[in-house]
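Its first residue numbered 1, the sequence shown is counted upward by one per residue in UniProt numbering. Just so it is clear, CB atoms sit at the ideal spot from N, CA and C, and this is done for glycine as well.
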Amino acid sequence: RCATQGLGLYAARDIEKHTMVIEYIGTIIRNEVANRREALYKAQNRGVYMFRIDGDHVIDATLTGGPARYINHSCSPNCVAEVVNFDKERSKIIIISSRRLQKGEELTYDYKFDFEDDQHKIPCHCGAPNCRKWMN
């Protein structure tokens with residue numbers, strides 16, 4: 001558990017800089033399906049774990065995802081998320097360390113949510129010294 005953001009994912013061993021740490025897995029769905037599922041999950045008071053691959057597709061890790069879905073946002077992250085395209089039909093999201101990580105350190109990346117109007121802003125609670133106060 002993360003003290004500031006609920007669940008989190010932590011390094012099981014020391015990790016060198018620029019190392020692939022984990023793949024963000026789940027079901028690849030179209031945006032329209034993602035919008036319907038997000039509304040359903042919220043109505044069920046369930047956490048939503050989705051990651052946009054491109055303008056048309058999203059990985060839904062809410063029900064079928066792996067541990068990468070628990071990586072928290074930080075305005076000062078120690079990892080980056082990269083979309084790797086194998087062909088037109090297959091893309092993967094991998095999490096890569098952006099610096100050397102110590103065993104037990106929480107893994108974080110910048111969610112880089114789209115900017116929203118003030119009414120739809122999502123507060124950030126990452127606790128980083130350079131926190132932007134909002135995730136979007």
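- Taken through DSSP and simplified to helix, strand or coil, A39 comes out as helix.
- Taking a C-beta distance under 8 angstroms as the contact criterion, I95 and A81 qualify as a contact pair.
- Check the Cα spacing between V33 and each of V21, Q44 and M50: the tightest is with M50.
- Rounded to whole angstroms, D110 and L40 show a C-alpha spacing of 25 angstroms.
- In the DSSP annotation of this structure, the continuous segment of the beta strand (DSSP E) that includes V83 starts and ends at C79 to N85.
- When secondary structure is reduced to three states using DSSP, P123 falls in the strand class.
- The criterion of a C-beta distance shorter than 8 angstroms is satisfied by K92 and E23.
- The DSSP-derived three-state label of N31 is helix.
- A distance below 8 angstroms between beta-carbons, with the five flanking residues on each side excluded, links H57 to the following residues of its chain, in chain order: I28, I29, R30, N31 and S91.
- Contact annotation, T108 with I71: C-beta distance approximately 6 angstroms; criterion of less than 8 angstroms satisfied.
- DSSP, read as helix, strand or coil, puts R46 in coil.
- In the displayed model, Y111 falls within coil according to three-state DSSP, outside both helix and strand.
- Contact between I15 and S98 does not hold, since their C-beta atoms are separated by about 11 angstroms, which reaches or exceeds 8 angstroms.
- Cβ-Cβ distances below 7 angstroms link G65 to I25, G26 and Y49 in the same chain, with the five nearest sequence neighbours on each side left out; the list follows chain order.
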